[in-house]
Amino acid sequence: MKIIFLTMRLLLALLQRLLYVLTAGQLPPFVSVAVVVKEQDKFLMIIRRDGKGYGLPGGHINLNETAEHAAEREVKEETGLQLKITGILGTLSGKRPGTWVRTVDIVYEGRVGGGALRDSREGRCVWVRLDEVRERVAFDYLKILEALV
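Going by the numbering used here, the first residue of the sequence shown is number 281, and it counts up by one from there.
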C-alpha cells in the first residue's frame with residue numbers, strides 16, 4: 281500500500297513538473313477546499329502521513345463538482361464523517377512549501393451530521409485543541425483556526 285501511495289505521489293509530481301515546463305511556469309493555481317469542524321473546544325484534524333504535521337480535511341475539486349460538494353466528499357473520504365457545510369470562513373492562497381505549486385484554498389466551516397470517525401490513507405483523524413498542536417499545523421491553516429478560538 282505504501283509503495284502504491286509513493287508511486288502515485290511520484291507520478292503526480294512528474295505530471296505537475298511536465299505541466300510547469302510546457303506552460304513556461306505560467307500554470308494557474310490549483311483550487312482546493314479545506315473544512316474546519318469544531319466541537320466544543322476541539323478541531324477535527326488529520327495527522328498527515330507525509331510528516332507535514334496536522335492538517336484540515338480537504339482536497340482538490342473534481343471536474344463538474346461544486347466546491348461545497350468537494351468539501352463534503354473530501355471530509356467523508358478522509359474521516360468517515362458525513363458533513364453539513366454551515367458557512368465559508370475565507371480563502372488562503374500561496375505557494376506550497378518546498379514546491380512550485382500555487383494553490384487557492386476555499387476554507388469552509390461544517391458540522392458533523394453522521395458517520396463514524398476513521399483513519400484514511402491521508403492520515404490519522406483526531407479531535408484536538410489548538411493549543412496542543414499550534415506548532416505543528418500544516419500550511420496556513422493556523423491563521424484560520426486562531427480566528428475561531
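Each residue gets a CB set at the ideal place from its N, CA and C atoms; glycine is no exception. This structure is a prediction, so every number in the text was calculated from the model and none was measured.
Check, Outcome
"Does the distance between the C-beta of Val381 and the nearest non-hydrogen atom of the ligand FAD fall short of 6 Å?", "Among the components of this structure there are no ligands whatsoever, and the ligand FAD is therefore not found."
"Considering just the uninterrupted stretch of the beta strand (DSSP E) at Phe285, what are its terminal residues?", "Not the beta strand (DSSP E): Phe285 falls in the alpha helix (DSSP H), residues 282-302."
"In the region 316-343, which residue ranges form an unbroken beta strand (DSSP E) of at least 3 residues, counting only runs that do not cross its ends?", "322-328, 338-340"
"Measuring straight from C-alpha to C-alpha, what distance separates Cys405 and Arg297?", "31 Å"
"So which of Ile326, Val316, Glu389, Gly335 has the shortest CA-CA distance to Arg398?", "Ile326"
"To which residues does DSSP link His399 through a beta bridge?", "The question names His, but residue 399 in the sequence shown is Asp. Paired residues: none, contrary to the question."
"To the nearest angstrom, report how far apart Glu348 and Ile365 are at their CA atoms.", "7 Å"
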